[in-house]
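Accompanying notes for the structure given below.
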Amino acid sequence: MPDLLIRNVDEGDIRAIDRQAARLGLSRSEFLRQETRKIARHAAAASAGPLTREDLRQSMDLVKDVFDDEVMSKAWG
Numbered sequence: 020m021p022d023l024l025i026r027n028v029d030e031g032d033i034r035a036i037d038r039q040a041a042r043l044g045l046s047r048s049e050f051l052r053q054e055t056r057k058i059a060r061h062a063a064a065a066s067a068g069p070l071t072r073e074d075l076r077q078s079m080d081l082v083k084d085v086f087d088d089e090v091m092s093k094a095w096g
């Protein structure tokens with residue numbers, strides 16, 4: 020698997036990334052790997068054409084727990 024090097028990243032941005040990774044129990048590398056995967060999927064979807072019902076169903080699946088207080092307390096707690 021290839022490596023990715025990003026130069027000249029603001030120290031404050033790195034601290035914010037590290038805080039978020041720690042909240043999720045992830046290393047910086049794993050957190051950024053997951054975020055990169057999300058960006059790649061988004062970019063692929065953006066170039067795939069118009070939205071379909073399946074796209075909307077998948078989006079709904081991703082946010083299904085947003086109103087579940089127990090799940091959200093773990094996400095932000």
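Quick note, the sequence shown lines up with residues 20 to 96 if you use the working numbering.
Quick reminder that beta carbons are idealized off the backbone N, C-alpha and C, glycines included.
These numbers were taken from a predicted model, which means no experiment stands behind them.
- Message: Give me the residue from 68, 54, 82 with the minimum Cα distance to residue 39.
- Response: 54
- To the nearest whole angstrom, what separates the beta carbons of residue 47 and residue 58, a pair I think is in contact under 8 Å? Going by Cβ atoms, the distance from residue 47 to residue 58 rounds to 16 Å, so no, they are not a contact pair.
- Item | Integer Cβ distance of residue 91 from residue 85, believed to fall under 8 Å | Taking the Cβ atoms as the reference, residue 91 lies roughly 7 Å from residue 85, within the contact range of under 8 Å.
- Item | Close beta carbons around residue 74, own chain, < 8 Å, minus the five adjacent residues each side | 64
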